[in-house]
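Visitor: Top to bottom, those sequences are chains A, B and C.
Position one of the first sequence corresponds to residue 329 (the working numbering), numbered consecutively onward.
Position one of the second sequence corresponds to residue 210 (the working numbering), numbered consecutively onward.
Position one of the third sequence corresponds to residue 4 (the working numbering), numbered consecutively onward.
Glycine included, every Cβ here is placed at the ideal spot set by N, Cα and C.
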Amino acid sequence: MILAWVHDVVEGVRSCLTGMRTTGHYLLENLRGSGGATAITREYPEQPAERVGARQRGHLVNDAPRCIVCHACDTACPVDCFTMDGERDADNKMRASRFDIDLSKCIYCGLCVRACPTDSLSMTPAFEVDPRHDGSRFLFRRSSGQLGQRLDAPDVERLQRLADQPRESLAAADRAWLDQHIDPNGPHLIGMYGLGYFTPEQKQAADAAREAKKRAKEAAAAAAKAKAAAAAAPPPAPPPPAGGTP
Amino acid sequence: MTGLGHAVDTLAAWLAGGPPGWFAVTLAVLAVWVAPLLLLVFPVAAFGQILERKIAAAIQRRKGPNSAGLDGPLRLVFRAVLCLLPRERQDRAFAAFCNLVPVRTALLWSRRLGLGQFVADGIKMLGKEDIVPRGADGAVFRFAPYLALVGAFLPWCVLPFAQHLVMLETEVSALFVLATSGLVVVALKMAGWGSGNKWSLLGGMRAVAQLVSYEVPIGLAVGGVVLWCGTMDLHAIVGQQYAPGVFTLLGWNVCQGPFLLLLLLVFFVAGLAECQRSPFDMAEAESELVSGFNTEYSGLRWGMFALAEYTEMLLIGALVATLFLGGYQSPIGEQWLLLLPTWLETLLHALILGAKTLVVFLLMMWIRWTLPRFRVDQVMRLAWLVLVPLALLSLLGIAVTLLVAGGTTEGMAYGRLAARPRPDLSWLPWLLLWIVPVLAAVVLVRAANARYGGRHPALRRLTGEGA
Amino acid sequence: MTRREGPGDAFDDRIHLTAVDEFLAWGKEHSLFYLLFATACCGIELMQAGGPRYDVDRLGMIPRATPRQADLMIVAGTITHKMASRVRTLWEQMGEPRWVVSMGSCANSGGPFSKWSYSVLNGIDKYVPVDVYVPGCPPRPEALIDGVMALRERVRRYRTLGERSTEPHVVAGHEAPFGARCQLPPPDAPAGDGGRA
């Protein structure tokens with residue numbers, strides 16, 4: 329029994345010393361600043377963020393000029409984080425006039441990226457949300473109670489404008505409107521991330537250009553028709569072949 | 210001059226301008242004893258916290274606190290000095306000052322070392338809401354942290370910092386230390402009970418069970434030293450450890466045979482448990498009790514508990530140094546110190562004691578960040594089945610040694626007069642003293658190894674060894 | 004530093020702080036003890052942030068097991084309706100000043116469960132006032148630290164002595180599908196006292 333006790337005590341002391349040898353080794357190498365056990369800390373705000381790999385899913389962005397508003401991403405998305413509207417542009421192609429990604433809902437699963445037929449959606453490796461991302465609009469201060477609210481382009485403009493002013497100087501109506509749409513508690517990191525908004529002027533211009541183009545095309549077609557008719561009129565045309573007209 | 214009693218008397222008489230009344234005496238005691246003690250131990254204990262975080266970081270391959278420098282407090286000082294200037298000019302002046310190369314370097318280093326961390330923690334706690342739970346026993350709850358602090362600070366009164374620097378000289382200072390540090394038990398129990406919280410109560414119960422159990426090996430270890438030195442006066446115990454010549458180290462109690470060495474281990478381990486330090490921190494085990502006895506404490510009251518813990522760690526360090534490592538004596542000869550002027554000698558002695566304390570302090574941190582927490586039954590088993598038998602064995606060994614060796618009056622010149630002269634250990638008894646127990650221990654360990662194998666049975670089963 | 008400014012920041016910068024308030028805020032900013040509290044996979048990232056690689060102890064943050072000693076609650080993970088009242092209780096038990104970071108899509112808006120789940124709360128900010136939302140599913144430790152840096156800017160503007168600028172938080176819409184069974188506070192319930200005497 330005494331031998332068992334002695335063995336117990338000796339074993340206990342020995343295992344303690346083994347552990348302390350390991351940690352002491354770490355301690356010394358760390359204090360010395362060399363060896364295999366120096367600090368591996370990455371001091372994030374001072375050092376740039378670590379990139380795990382090229383396929384890291386930091387944030388979802390949409391390259392609006394390539395987007396054809398086919399809603400494939402919307403169909404694939406398990407959480408409904410997209411809101412989009414399309415307009416015909418001058419070339420009569422569908423373009424995103426509004427493309428919002430709700431980053432607070434997004435679960436970064438990447439299904440939309442795989443579904444996208446034009447590769448306009450992609451995941452950035454950087455996670456840092458940049459409100460001044462070229463062409464994007466970023467809304468701070470949204471609380472989850474306000475996430476379902478639909479914000480149109482004029483609303484976004486108004487939000488950005490009002491939020492930049494001191495709260496005290498706002499009119500009561502403006503302040504109430506602001507509180508209804510953003511969280512009065514302060515700057516948050518989440519928000520809507522829109523690309524490709526058309527302002528009313530842009531929309532008018534695009535529509536006008538499209539109309540003008542259409543009219544020009546029609547005019548050209550009419551002119552060509554008239555020309556063809558004029559060319560065909562003086563000599564009596566032979567009857568067309570039975571194969572049909574182009 | 211014995212202790213600071215003389216200084217207190219002088220100051221009290223000067224304050225009163227005649228025979229001092231109770232008010233003058235209280236003021237003098239506050240000025241001479243309490244204030245320097247608090248000013249000395251408070252910052253050191255607070256600094257211990259940042260030291261601990263840095264050491265933990267080094268052990269875990271981290272950087273530790275390195276964002277809070279001294280620039281925050283410095284800015285406050287700047288603003289106070291330049292309070293008449295407009296704010297923009299204060300800012301500009303501060304920026305210009307901070308950009309001076311030496312200042313900048315110093316501030317960057319302070320940040321790197323995290324020197325501002327305990328300032329930040331302290332003022333954070335100061336501004337934190339002070340919550341008293343609804344079901345709490347208000348008075349008990351509020352009083353407990355103060356009592357813990359008192360229990361951690363009182364023993365410092367009798368510690369000899371230097372030959373001429375003892376706050377309170379008594380013949381029974383070892384007993385005083387044991388008695389006053391026992392106040393912490395009461396404080397923890399009060400905190401646990403007064404919080405009106407199940408976790409706190411369980412933590413308080415555990416703390417009491419643990420502290421009371423470990424008072425026994427601590428008491429036995431101190432008893433062994435008292436037996437060896439023949440006095441209960443800590444200052445006399447330090448004096449007893451004097452050895453002439455360069456090798457003062459040989460006079461220290463650790464070198465006085467294997468039994469005192471064993472007692473040092475017992476005292477250290479039990480002291481670790483007395484401070485509620487990991488691996489003995491089951492009173493505030495986060496994984497089981499939310500935070501143990503201090504679950505309901507917030508802000509400054511919790512800070513007081515933390516401060517008391519670090520103060521007690523320092524105290525255990527100082528006690529290990531005083532009882533076993535020669536107290537304030539230098540390890541490389543004492544005579545040259547005596548040639549210096551008194552103030553310098555006092556300063557050096559205090560610094561030497563501080564260095565020894567720091568070594569033990571660091572060792573405690575090293576252990577904390579190495580070993581996982583014990584289970585409750587393991588803690589009790591360690592106290593009653595390992596430490597107490599070891600301490601009793603050492604006590605017996607010391608008694609037998611004293612009987613065999615007898616004593617002379619050598620070494621009396623330095624310390625204060627002791628009740629019993631120190632034993633004369635000429636080479637033959639010295640040899641016997643070391644060799645016989647060590648041989649016995651070796652034989653026992655070898656026999657145990659032969660009987661139970663080199664590795665733990667569970668480990669052997671695990672690795673399939675010897676199957 | 005990678006902090007960016009958003010709309011509204013300019014307004015806060017104009018607030019005049021007294022020197023002492025500035026110092027107190029400095030202390031709070033550098034000693035944000037966070038509550039050990041995690042309910043889902045974001046908790047793993049939270050642990051990583053506390054581990055050697057990202058080491059939030061560097062910023063003066065240590066985990067505390069009891070809400071009384073914590074300054075910051077990081078809501079890491081999915082919060083069910085049943086859990087929401089517990090989170091609210093924990094928040095009420097924290098001493099002022101206290102802050103909340105909502106970490107990951109689940110805590111922000113319900114995330115993957117926001118659409119079809121009957122049991123998951125869509126956004127923890129319906130029950131506790133959130134100071135900073137960190138997007139991600141789960142966010143990387145750097146993203147969390149980024150959110151903490153944003154919070155520190157907010158803490159820097161906190162005034163202990165002077166008049167507070169932030170208006171009291173209005174607890175937003177109340178969505179409890181099972182009513183009394185979930186024991187959620189009514190939508191406009193004032194904050195409880197967290198067991199204070």
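Could one say the Cβ of V595(B) lies closer than 9 Å to chain A's Cβ atoms, at least one of them?
Guide: Yes, contact with chain A.
Visitor: If you run the structure through DSSP and keep just helix, strand and coil, what is D196(C)?
Guide: Note: D196(C) maps to coil in three-state DSSP.
Visitor: Determine the chain C residues that contact L431(A) at a beta-carbon separation under 8 Å, and present them in chain order.
Guide: By Cβ distance, chain C contributes P138.
Visitor: Do the stretch 561-573 of chain B and the stretch 522-538 of chain B meet, that is, are 3 or more Cβ pairs less than 8 Å apart?
Guide: Yes, the stretch 561-573 of chain B touches the stretch 522-538 of chain B.
Visitor: When you compare only the Cα positions, how much space is there between Y37(C) and I65(C)?
Guide: Roughly 6 Å between the two C-alpha positions.
Visitor: Kindly list the residues whose CB is nearer than 7 Å to the CB of E189(B), restricted to its own chain and excluding five residues on each side of it in sequence; keep chain order.
Guide: Since the displayed chain B opens at 210 and closes at 676, residue 189(B) lies outside it and no answer follows.
Visitor: At the 9 Å Cβ level, is V441(A) part of the contact set with chain C, yes or no?
Guide: False, the Cβ-Cβ gap to chain C never drops below 9 Å.
Visitor: Can you list the residues of chain B that D60(C) reaches, using a CB-CB cut of under 7 Å?
Guide: By Cβ distance, chain B contributes R262, A266, R271, G273 and P274.
Visitor: Are the beta-carbon atoms belonging to M334(B) and G501(B) less than 9 Å from one another?
Guide: For M334(B) and G501(B), no; Cβs fall outside 9 Å.
Visitor: Which residue spans inside the stretch 385-450 of chain A form an unbroken beta strand (DSSP E) run of at least 3?
Guide: The qualifying runs are 387-390, 410-416 and 422-430.
Visitor: Smallest Cα separation from A418(B): which of V431(B), C438(B) and L397(B)?
Guide: When only C-alpha atoms are compared, the closest one is L397(B).
Visitor: From A266(B), F385(B) and F256(B), pick the residue whose C-alpha is nearest to that of G325(B); which is it?
Guide: The candidate whose alpha carbon is nearest that of G325(B) is F256(B).
Visitor: Any C-beta of chain B sitting closer than 9 Å to the C-beta of E371(A)?
Guide: Taking Cβ atoms only, chain B reaches closer than 9 Å to E371(A), which makes this a yes.
Visitor: For G381(A), return the contacting residues in chain B, with the cut-off set at a CB-CB distance below 9 Å.
Guide: Near G381(A) there are no residues of chain B at all, since even the closest Cβ is about 23 Å away, more than 9 Å.
Visitor: Is there at least one Cβ from chain A nearer than 9 Å to E32(C)'s Cβ?
Guide: Cβ-Cβ to chain A under 9 Å: no for E32(C).
Visitor: Does DSSP classify P10(C) as helix, strand or coil?
Guide: The predicted position of P10(C) is uncertain, since its pLDDT is 38 and thus under 50; a value taken from the coordinates is nonetheless stated next. P10(C): coil per DSSP, three-state reduction.
Visitor: Going by DSSP in three states, R67(C) sits in which element: helix, strand or coil?
Guide: Note: R67(C) maps to strand in three-state DSSP.
Visitor: Have a look at K407(B), E380(B) and L605(B) and flag the residue whose alpha-carbon is nearest the alpha-carbon of L437(B).
Guide: The residue you asked about is not Leu; residue 437(B) is Trp in the sequence shown. Measuring from the Cα of W437(B), the nearest candidate turns out to be L605(B).
Visitor: Shorter than 9 Å from the beta carbon of F455(A) to some beta carbon of chain C?
Guide: At least one chain C Cβ lies under 9 Å of F455(A).
Visitor: Following the continuous beta strand (DSSP E) through V234(B), name the residue where it begins and the one where it ends.
Guide: Premise fails: V234(B) lies in the alpha helix (DSSP H), W231 to V238, not in any beta strand (DSSP E).
Visitor: If we ignore side chains and look at the alpha-carbon of each, how far apart do E261(B) and G273(B) end up?
Guide: Taking the straight line joining both Cα atoms gives about 10 Å.
Visitor: Check whether the Cβ atoms of A479(B) and Y423(B) lie closer than 9 Å to each other.
Guide: Yes, these two residues count as a Cβ contact at 9 Å.
Visitor: Using only alpha-carbon positions, find the residue among G433(B), A592(B), I541(B) and A353(B) that is nearest to L602(B).
Guide: Among G433(B), A592(B), I541(B) and A353(B), the Cα nearest to that of L602(B) is on G433(B).
Visitor: Go ahead and label I32(C) buried or exposed: buried means 16 or more other beta carbons lie within 10 angstroms of its beta carbon, across all protein chains shown.
Guide: Looking at the sequence provided, one finds Glu at residue 32(C) rather than Ile. With 16 or more other Cβ atoms within 10 Å, it is buried.
Visitor: With a threshold of 9 Å between beta carbons, is E99(C) in contact with chain B?
Guide: Answer yes: the Cβ-Cβ gap between E99(C) and chain B drops below 9 Å somewhere.
Visitor: Indicate whether at least one CB of chain C lies closer than 9 Å to the CB of D408(A).
Guide: Yes, because at least one Cβ of chain C sits closer than 9 Å to the Cβ of D408(A).
Visitor: Tell me the residue span of the beta strand (DSSP E) that contains M76(C).
Guide: Here the beta strand (DSSP E) through M76(C) covers L75 to A79.
Visitor: Of the residues that make up the stretch 505-526 of chain B, which ones have a beta carbon closer than 7 Å to any beta carbon in chain C?
Guide: The stretch 505-526 of chain B vs chain C, Cβ under 7 Å: E505, Y506, S507, G508 and W511.
Visitor: What residues of chain C sit near A377(A), judged by a beta carbon separation below 7 Å?
Guide: Chain C residues near A377(A): E145.
Visitor: What separation, rounded to the nearest whole angstrom, lies between the Cα atoms of Q544(B) and F476(B)?
Guide: Computed Cα separation, rounded: 30 Å.
Visitor: Kindly give me the distance between the Cβ atoms of A600(B) and A430(B), rounded to whole angstroms, as I take these residues to be in contact under 8 Å.
Guide: 6 Å between Cβ atoms; contact.
Visitor: Compile a chain-ordered list of the residues in the stretch 274-288 of chain B whose CB is closer than 8 Å to at least one CB of chain C.
Guide: Cβ contacts with chain C: P274, N275, S276, A277, G281, P282, R284, L285 and R288.
Visitor: Are the Cβ atoms of G360(B) and L392(B) separated by less than 9 Å?
Guide: Yes, the Cβ-Cβ distance between G360(B) and L392(B) is below 9 Å.
Visitor: Using a Cβ cut-off of 8 Å, which residues of the stretch 336-363 of chain B contact any Cβ in chain C, in chain order?
Guide: Per Cβ criterion, the list reads G336, K337, E338, D339, I340, V341, P342, R343, G344, A345 and G347.
Visitor: With S105(C) as the anchor, note down where its beta strand (DSSP E) starts and where it stops.
Guide: W102 to M106 is the extent of the beta strand (DSSP E) around S105(C).
Visitor: Answer yes or no: the CB of R301(B) versus the heavy atoms of the ligand MN, is any distance below 8 Å?
Guide: You won't find the ligand MN in this model; it holds no ligand whatsoever.
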